[in-house]
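Working notes, beginning with the structure itself.
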Amino acid sequence: MRIQEISVQNLFGMFDHVIPMNMEERITIIHGPNGVGKTILLKMLNRLFNLQYDFLYTIPFAEFRLDFDNQTYLIIKKSFEDKNYTQERLEFSYYNQNQELERYSHQDFEAEELRVEAIKIINDRIVKSIILEEQKYPELQFVQRLGRAVRSIREQREDGWLLELIKNLEVSLIESDRLFDFSDDHSPYRQKDRVYSVTTYSNELAEKIEETLAEYGVLSQSLDRTFPVRVFNPNSSSDLTAETLREQLTELEEQRTQLISLGLLEQDENPEFQVEQEIDDQTKSILSVYVEDVEKKLEVFNEIASKIAIFKKIIENRFSYKKMSITKEEGFTFTTLNDNPLSSTNLSSGEQHELVILYELLFKVKPNSLILIDEPEISLHVAWQVEFLNDLQEIIRLANFDILIATHSPDIINDRWDLTVELQGPNE
């Protein structure tokens, strides 16, 4: 399921915006003057699809609507619980061609009300599990923990349909303040020591490579253990010609060389495996099983290798005075042109922004997600901004996801104004 159109009425009491998504090229760009709500719209989408409904109470709006590509749509309206207009609630309604299918009312309870309700259900296993999980974060107050527990229970009890709807679409936000990783879950109630995002992501990449190598090792052991049995199986035979086998062996060595250059495999002692002599039927049978096994082993690297290849290519094209290496021990590392080590945290602000955005798009995004990017132009040279959409298109072809960008930069847009939606003021 994909979002086809986003609209909001009376945002901040004055703005009505409609954003049709570019379904074919999967890139939509919103632009407009400061203050019309570009960033807030991205945050509203992100918080909604990450079950942080409370954020919507902090934003003045009358109606927030999402139209999906299956002819259904979700409408969120604000209303009041009492006649004094003091207690807000959110009304979620799900429609299929103007016929209401589901409805859910979410109320923003005060802390004391949450305490009372939580005490009534304190023995509930969900409450217990959430409280136990939060105990390692003592700065998150007891009432807040109970409040989160109660909301979790209420949502599971009353808005199962909404949770199912939200699970159908992964949404994540690459914020403008992206150079530092403050928190594991972006909760406003807890923060850890400030860590550079490039440090976090370099360590993550090392872990991803190690996980892939572990999978490669397990598969290799399994295939190697059964290799003799399969080679000497009386029913095994190969229809491959000697020439075809030589071609396949050459292709495998080229693939292995590529994986070595990407930091995924280590250099062999005998890197060029060639079969010069005549291939008889017995040798052909052995080589056929060998080729089939190596193909299976190297397939393990397909996904991460394709991502690292794009990652390295773009970075090497942008970082004119530095060289990047990728290893299973350190993730990505840098040196100057005269081979002096350079910490990732000492890269320029623009270089770090480029690294963070590319890493998130390539290694943290799930297929068919909606990715929200706020001001990708921050700290980027104009030449890098002009290339940004081309980089996105290459990544999208690999990973298949939708992108909604908020920008002030005409250089990001370049010549693709057909992908843009202008957000205007109330009198424009």
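Once you know that position 362 of the sequence shown is 344 in my numbering, the rest is easy, because the numbers rise by one and skip nothing. We put the CB at the ideal spot given by N, CA and C, even for glycine.
Backbone CA spacing between residue i and residue j [nearest angstrom]
i, j, result
"D49", "Q334", "35 Å"
"P15", "T389", "10 Å"
"L38", "L30", "8 Å"
"S169", "Y341", "For S169, the predicted structure reports a pLDDT of 41, less than 50, and the residue's modelled location is therefore unreliable. The matter cannot be settled from this model."
"D356", "T232", "45 Å"
"N4", "L371", "14 Å"
"P392", "Q89", "41 Å"
"H(-1)", "D36", "22 Å"
"V368", "I339", "15 Å"
"S325", "E298", "16 Å"
"F316", "N328", "10 Å"
"E192", "V211", "30 Å"
"E45", "D163", "33 Å"
"N322", "M306", "12 Å"
"L337", "E73", "40 Å"
"W399", "S75", "34 Å"
"Q240", "L151", "34 Å"
"N185", "T194", "14 Å"
"P358", "F293", "17 Å"
"Q34", "F314", "33 Å"
"L269", "R207", "16 Å"
"K20", "F(-6)", "12 Å"
"Y178", "D262", "59 Å"
Opposing strand residues paired with residue i [DSSP bridges]
i, result
"T309", "G313"
"V403", "I12"
"I395", "Partner(s): none; I395 has no beta bridge."
"R71", "S61, Q89"
"K411", "No statement about residue 411 is possible, as the shown extent of the chain runs from -17 to 410 and does not include it."
"A388", "I12, D356"
"Y178", "F162"
8 Å contact criterion, which residue i and residue j should meet: CB distance rounded
i, j, result
"S386", "L352", "The residue asked about is misnamed: residue 386 is Leu in this sequence, not Ser. Confirmed, about 7 Å."
"E312", "A188", "6 Å"
"P42", "V403", "About 22 Å; that fails the 8 Å criterion."
"L246", "A287", "6 Å"
"L411", "L24", "A query on residue 411 cannot be resolved here, the shown segment of the chain reaching from -17 to 410 and no further."
"S423", "I360", "Shown here, the chain extends from -17 to 410; a query on residue 423 therefore has no answer."
"N52", "M(-17)", "6 Å"
"L234", "V180", "Going by Cβ atoms, the distance from L234 to V180 rounds to 34 Å, so no, they are not a contact pair."
"G407", "V153", "Not confirmed; about 27 Å, so no contact."
C-beta neighbour in chain B for residue i, strict 8 Å
i, result
"E82", "Of the chains in the structure shown, none is chain B; there is only one protein chain."
3-residue-minimum beta strand (DSSP E) runs that sit fully inside the segment 11 to 61, ordered along the chain: Counting only runs of 3 or more, we get 45 to 50.
Indicate whether the contact test is met: 3 or more Cβ pairs, each with one atom in the segment 266 to 279 and one in the segment 199 to 213, closer than 8 Å. yes
Inter-stretch contact at 8 Å, needing at least 3 Cβ pairs: the segment 344 to 351 / the segment 141 to 148: no
Determine, using beta-carbon pairs with one atom in the segment 41 to 60 and one in the segment 376 to 383, whether at least three such pairs fall under 8 Å. Output reads no: the segment 376 to 383 does not touch the segment 41 to 60.
Count Cβ pairs between the segment 5 to 15 and the segment 67 to 87 that sit closer than 8 Å; are there 3 or more? no
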